[in-house]
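Numbering (UniProt numbering), first residue to last: 1 to 200.
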């Protein structure tokens, strides 16, 4: 495009001449007039801009649209069971005497012949003292738990069942199959019986 300079003259010559003697006020007014005239001519002729490079487009990063997802109904998270320490069981200490057997000691403390066969719970509570049910020596210190309290607590019952299984293995290894079977049956009975149904 060709721009035509339209000169505006003042009394002493062209507007932009350094030798021009026009007042500053006149010069400012003339500049505004000439700028306005040039814009008007450009508008009339359909020219909207000069032939210069178009302004650089700013790149704006747009986040991808977020798809709405249906909220899944919250399923309650099962609470982990808290580890509960076994209930304290009343205990008595007993020092083994000459000719004592575990079943005699159990019968003495638990009050009946049938409860005398529950001697493995004495082994369970006297950890590390008795390793074989038929080999106790005078002077050994045994821990005798209260029978009813012991049988009322599932954690203690599990501990007792482990002792019954240990005694059963010992008797099987020695070929005492009837005793091993008896201990097995008694252990099964303990595992299946509610504490209140335990023999007296």
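No residue lacks a Cβ here, since even glycine has one placed at the ideal position from N, Cα and C.
Cβ separation of residue i and residue j, assumed to be a contact under 8 Å, to the nearest whole Å
{"i": "residue 105", "j": "residue 117", "result": "About 12 Å; that fails the 8 Å criterion."}
CA-to-CA distance, residue j to residue i, given in whole angstroms
{"i": "residue 122", "j": "residue 162", "result": "12 Å"}
{"i": "residue 206", "j": "residue 126", "result": "With the chain represented from 1 up to 200, any question about residue 206 goes unanswered, as that position is not in the structure."}
{"i": "residue 183", "j": "residue 168", "result": "6 Å"}
{"i": "residue 109", "j": "residue 189", "result": "21 Å"}
{"i": "residue 179", "j": "residue 171", "result": "6 Å"}
{"i": "residue 120", "j": "residue 88", "result": "18 Å"}
{"i": "residue 141", "j": "residue 187", "result": "25 Å"}
{"i": "residue 129", "j": "residue 166", "result": "14 Å"}
{"i": "residue 195", "j": "residue 111", "result": "Note that residue 195 has pLDDT 41, beneath the 50 cutoff, so the model's placement of it is unreliable and the number below is only indicative. If I take the Cα positions, the gap works out to 17 Å."}
{"i": "residue 175", "j": "residue 181", "result": "11 Å"}
{"i": "residue 83", "j": "residue 173", "result": "A caution first: residue 83 carries a pLDDT of 45, below 50, which makes its placement in the model unreliable, though a value can still be read off. Roughly 36 Å between the two C-alpha positions."}
{"i": "residue 44", "j": "residue 31", "result": "20 Å"}
{"i": "residue 115", "j": "residue 107", "result": "6 Å"}
Selected residue, minimal CA-CA separation from residue i, among the options
{"i": "residue 164", "options": "146, 173 and 185", "result": "185"}
{"i": "residue 97", "options": "143, 171, 139 and 174", "result": "139"}
{"i": "residue 158", "options": "113, 124, 32 and 107", "result": "124"}
{"i": "residue 137", "options": "99, 174, 32 and 31", "result": "99"}
Beta-carbon proximity of residue i to residue j, cut-off 8 Å
{"i": "residue 160", "j": "residue 150", "result": "yes"}
{"i": "residue 145", "j": "residue 91", "result": "yes"}
Count the C-beta pairs between the segment 88-103 and the segment 124-138 that are closer than 8 Å, then say yes if the count reaches three, no if not.
yes
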